[in-house]
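Residue numbers (the working numbering): 8 to 291.
Ideal Cβ placement from N, Cα and C applies to all residues, glycine included.
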Amino acid sequence: MRTLHLSRLHLRGADLQELALLHAQWAVGLGPFEALRPARLTAGMPAELTPEDIAGDLLKVSLPEPEGTTRTSVVRLARRNGVTVVEHLVVRQGAAYRGGPSAEAPEVVLSLLDDARRVPDEVVGATPVRVSEPEVAPLVARMLAPERTVPIVLVSVDNGSRDPMIDPGELARRLAGMATVCFIDAVRSSHRLKEELVAAGFSDKFGCYNGGVRILWPGIVSGDDPYQHTLLLPVRLAAMPDRSRTEQVAGLFCEMIAEDEDPRAWLRDVDPAPAAPAPSRVAP
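So this is what it looks like as structure tokens:
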């Protein structure tokens, strides 16, 4: 079993019934998700679902894949402390699966992030934040904000080609809902990032440069070990196939983000084990 997605969106002004309807439409390919309709019917999904079919604000959608595996989504909807929370886990299951790490945001998550009425408290959208030299200082302030709750993924450019080794746009789409992807668009911007972090008391090993890609976890402080905030160096990226490099990087970070989760517990919440039969009474 491999995790393909794990998001927790805290949405302002969102109605639970409306969200239940949206997820029911996504599950069967109706409404804004009509493009998914043929595949959903082929996969054996029912012709329609209603919000009432999401029992206990839980929804499970399992879809067969061509390689003999199954992609399963578990959705939880809840109100917590006056905020609507949408949790979405996607896993790939099947003994036949031999592929590497991957990540992909479900269409319903992309729809929520694209709806201006439901902007989440933190930017975790499907578009990378472009960071040129003037934006480095605000980026550092955002990185160090104690209230930050989602990871930031930095993508730098190669010193020679001046291009990134992965596609920042594809990475942001794959990690949508899970992390904020920031594209440091120039060599000088990477140097400035290192200077700003060193000035804030960080080790000079906290940078991101020369095509490297780095994840910075929430709660980062100057005393942190830089190796706790994984940096994928160019030599490691170059060893990945070019056509699947961005997908593999997204998958690696997705699995790091979901490392403390137990996907089987999510699945048990939706499909609880049947109750044990009552012991039979033996006549004296």
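Which of helix, strand or coil does DSSP assign to C215?
Within the sequence shown, residue 215 is the residue found at index 208, counting from 1. Correct three-state label for C215: coil.
Could you check whether S139 and G218 sit closer than 9 Å to each other, using their CB atoms as the reference points?
As a working mapping, residue 218 is identified with position 211 in the sequence shown. As a working mapping, residue 139 is identified with position 132 in the sequence shown. Contact flag unset, no.
With a 10 Å radius around its C-beta and 16 neighbouring C-beta atoms as the bar for buried, classify E111 as buried or exposed.
Working through the sequence shown from its first residue, we reach residue 111 at position 104. That one is buried.
State the Cα-Cα distance for the pair A246 and S210, rounded to the nearest angstrom.
Here residue 246 refers to the residue found at position 239 of the sequence shown. Here residue 210 refers to the residue found at position 203 of the sequence shown. Approximately 27 Å between the Cα atoms of the pair.
I'd like to confirm something about L13: is its beta-carbon nearer than 8 Å to some heavy atom of the ligand ADP, or not?
Questions concerning the ligand ADP fall outside what the structure shown contains, since it holds no ligand whatsoever.
Here's a check: name, in chain order, each residue in its chain whose Cβ is nearer than 7 Å to the Cβ of R288, leaving out the five neighbours to either side.
Mapped onto the sequence shown, residue 288 falls at position 281. Because R288 sits at a pLDDT of 42, beneath the cut-off of 50, its placement in the model cannot be relied upon, and the point is left open.
From G107, E41, A27 and R44, residue whose alpha carbon lies closest to that of L8:
Residue mapping note: residue 8 aligns to position 1 of the sequence shown, counting from 1. Looking at the sequence provided, one finds Met at residue 8 rather than Leu. It is G107 whose Cα lies nearest to the Cα of M8.
Check whether the stretch 269–277 touches the stretch 71–83, counting contact only when three or more Cβ pairs, one atom from each stretch, lie closer than 8 Å.
Counting C-beta pairs closer than 8 Å gives three or more between the stretch 269–277 and the stretch 71–83, which meets the contact rule.
Closest by C-alpha distance to W273, when choosing among E41, A21 and L65
Working through the sequence shown from its first residue, we reach residue 273 at position 266. Looking at the Cα atoms, L65 is the closest of the given residues.
Nearest-angstrom Cα distance between R271 and L11?
Working through the sequence shown from its first residue, we reach residue 271 at position 264. Working through the sequence shown from its first residue, we reach residue 11 at position 4. Straight across, the Cα-Cα distance linking R271 with L11 is about 14 Å.
Does the beta-carbon of G20 have 16 or more other beta-carbons within 10 angstroms, so that it is buried, or is it exposed?
Within the sequence shown, the letter at position 13 stands for residue 20. Flag for G20 reads exposed.
Are three or more beta carbon pairs between the stretch 225–244 and the stretch 136–155 nearer than 8 Å?
Yes, they touch.
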